[in-house]
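Count along the sequence shown from 1, add 169, and you get the number used in my numbering.
Glycine included, each C-beta is placed from N, C-alpha and C at the ideal position.
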Amino acid sequence: MHATFYLLLATSLARFLLRHPGGARVPWIIALSAVLAVLYALPFLTAALREQPATPFASGARPTPRRLAWLTLVVAVWLVLVVLAPSFGWCAVPLFYTGLRTLPPRAALALVAVLTGCVIASQVRLAGRYDPDLILGPPAVSAIATAVFTYMQRQAARQRELIDDLIRTRRELAATERREGTLAERQRLSMEIHDTLAQGLSSQQMLLQAAERVWDTDPDKARTHVRTAESITEHGLTEARRFVHDLAPADLAGGGGLAQALRALAERESDAGLTVRFHAEGTPVPLPDRVSSALLRIAQGALANVREHAAANTAALTLTLLDDQVVLDVADDGRGFTPPAVPGTPGGVRGHGLPAIRARAVQLGGTLTIESAPGEGAVLSVSIPLEPQR
170 MHATFYLLLA TSLARFLLRH PGGARVPWII ALSAVLAVLY ALPFLTAALR EQPATPFASG
230 ARPTPRRLAW LTLVVAVWLV LVVLAPSFGW CAVPLFYTGL RTLPPRAALA LVAVLTGCVI
290 ASQVRLAGRY DPDLILGPPA VSAIATAVFT YMQRQAARQR ELIDDLIRTR RELAATERRE
350 GTLAERQRLS MEIHDTLAQG LSSQQMLLQA AERVWDTDPD KARTHVRTAE SITEHGLTEA
410 RRFVHDLAPA DLAGGGGLAQ ALRALAERES DAGLTVRFHA EGTPVPLPDR VSSALLRIAQ
470 GALANVREHA AANTAALTLT LLDDQVVLDV ADDGRGFTPP AVPGTPGGVR GHGLPAIRAR
530 AVQLGGTLTI ESAPGEGAVL SVSIPLEPQR
């Protein structure tokens, strides 16, 4: 539109010079045309000197006194040119958009109406006769220009709203994902702590209490309990370090696989009060790290429950490797309990361990089955599906 303004200004000046060569008004017309050209470009020249973006107006912005003064000067010089030379009348079309962008809606429409009237008057004067086309043409052009500008403004406003909604939605989605990630991490941490640190601390407490009871009557047995507690402490410290760095369980770090890790767990958990045996069935196959880590944590949590709540003498870990799934069974001959009727609901005397075990199984697409009754021990079975081996 700015380029169109200068093109119309140059064309009007050329037409006037061709029609009125050597006239008395020629110097004034040339001078006023130059002044109008400089005034119109003044905002761009000022922005260039200040090294600012060359967009002097922002649609919908409140007009400043400087901006109003500039527009008033441009329109005033143009009106003088139209009075002296009607050929400059059509330079009003770019000024329509300038007014619409600079002024509030009502003031802009009033300016468009005034400019349209001036164009009609200049064209009738230039033609020297009454012509309906000269009366109806300029209003039609101004109406089209105003309608196009208004439509573009509405589209731009709607687009800005959509962009704002998109940005707000992205921020809300990011915040939701952060909250969900935080909750998932908290749940993971609680399960890790329960299955590792809490289990080790509970075992240490029971061993130290047992050592205290026989400290005077059987010092050798008391020292055995203390050494066992020391071994559990060392293992718990290793687990804590790996837990902080989010590494695999310590028993899996050696690369011996899940079966070897479960066997080491059974040996470590066996003492005078509880005997834990391990048995593996099926053809050994490499398991995904997530599956191995989850099953080892499940076994640790289950044995922690057995030691704390079951009052059992023996427990058995059974790892069964099938073509499409891996099954871990943890059985004990303790006092038993009544399994919860609704998954995830605490039942009997079992505490945080069962929900954590169920959550680990569900995360891997597996299932948890519990068979128990008061006085009849308990069997906990976790089944994790595996992808077919190729």
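Task: Same chain only: Cβ atoms within 8 Å of PRO455, ignoring 5 sequence neighbours per side - done: These residues qualify, in order along the chain: GLY426.
Open item on the list: Tell me the DSSP secondary structure of GLU341 in three-state form.
Closed with: Reduced to three states, the DSSP call for GLU341 is helix.
Task: Element boundaries [alpha helix (DSSP H), containing ALA380] - done: In this chain, the alpha helix (DSSP H) harbouring ALA380 covers 368-382.
Open item on the list: Tell me the residue span of the alpha helix (DSSP H) that contains ASP502.
Closed with: ASP502 -> no alpha helix (DSSP H), and no H or E assigned at all.
Open item on the list: Among the candidates LEU335, VAL283, ILE336 and LEU295, whose CA atom is the shortest distance from the CA of ALA312?
Closed with: Ranking the options by Cα distance to ALA312, first place goes to VAL283.
- [ ] Reducing DSSP to helix, strand and coil, say where GLU450 ends up.
- [x] Here GLU450 sits in strand by DSSP.
Open item on the list: Please return the same chain residues whose Cβ sits closer than 7 Å to the Cβ of PHE174, not counting the five positions on each side in sequence.
Closed with: These residues qualify, in order along the chain: TYR209, CYS260 and PRO263.
Open item on the list: Please return the same chain residues whose Cβ sits closer than 6 Å to the Cβ of SER541, not counting the five positions on each side in sequence.
Closed with: Counting only residues of its own chain and dropping the five nearest sequence neighbours on each side, SER541 has a CB closer than 6 Å to the CB of GLY505, PHE506, PRO508 and ALA547.
Open item on the list: By the DSSP assignment, the beta strand (DSSP E) with GLU540 in it spans what residues?
Closed with: Start and end: 536-541.
Open item on the list: With DSSP as the reference, identify every bridge partner of VAL551, one or two as the case may be.
Closed with: According to DSSP, VAL551 bridges with LEU497 and LEU537.
Task: Run of the beta strand (DSSP E) containing THR483, from where it starts to where it stops - done: Counted as a single uninterrupted DSSP element, the beta strand (DSSP E) harbouring THR483 occupies residues 483-490.
Task: Sufficient close CB pairs (3 or more, under 8 Å) joining the stretch 441-448 to the stretch 401-412 - done: Result no; under three Cβ-Cβ pairs closer than 8 Å.
- [ ] Measure the C-alpha to C-alpha separation of THR285 and PRO307 and round it to an integer number of angstroms.
- [x] Cα to Cα, THR285 sits roughly 6 Å from PRO307.
Task: Span separating the alpha-carbon of LEU549 from that of ILE539 - done: Note on geometry: alpha-carbon atoms of LEU549 and ILE539 lie some 5 Å from one another.
TODO: Use the C-beta contact count for ALA316: other C-beta atoms within 10 angstroms, 16 or more gives buried, fewer gives exposed.
DONE: With fewer than 16 other beta carbons inside 10 angstroms of its own, ALA316 counts as exposed.
Task: Start-to-end residues for the alpha helix (DSSP H) that takes in TRP168 - done: Beyond the ends of the chain as shown, which are 170 and 559, falls residue 168; an answer cannot be given.
Open item on the list: Can you tell me where the alpha helix (DSSP H) holding ALA428 begins and where it ends?
Closed with: That run of the alpha helix (DSSP H) goes 426-438.
Open item on the list: If you reduce the DSSP assignment to three classes, tell me which class THR386 lands in.
Closed with: Note: THR386 maps to coil in three-state DSSP.
Open item on the list: Spatial neighbours of ALA227 within its chain, please: C-beta separation below 7 Å, excluding the five flanking residues on both sides.
Closed with: Below a pLDDT of 50, predicted positions are generally treated as unreliable, and ALA227, at 45, falls in that range; no measurement from the model is reported.
Open item on the list: For VAL445, list the residues DSSP reports as bridge partners.
Closed with: Assignment of beta-bridge partners to VAL445 by DSSP yields ALA484.
Task: Counted within 10 angstroms of its Cβ, other Cβ atoms place VAL288 as buried (16 or more) or exposed - done: Label assigned to VAL288: buried.
TODO: Report yes or no: do the stretch 244-252 and the stretch 193-205 share at least 3 C-beta pairs separated by less than 8 Å?
DONE: As far as the Cβ criterion goes, the stretch 244-252 touches the stretch 193-205, which means the pair count is three or higher.
Open item on the list: At the 8 Å Cβ level, is VAL317 part of the contact set with chain C, yes or no?
Closed with: Absent from the structure is chain C; it holds one protein chain and no more.
Open item on the list: The alpha helix (DSSP H) that contains ASP300, what's its start and end?
Closed with: Per DSSP, ASP300 belongs to no alpha helix (DSSP H) and is neither H nor E.
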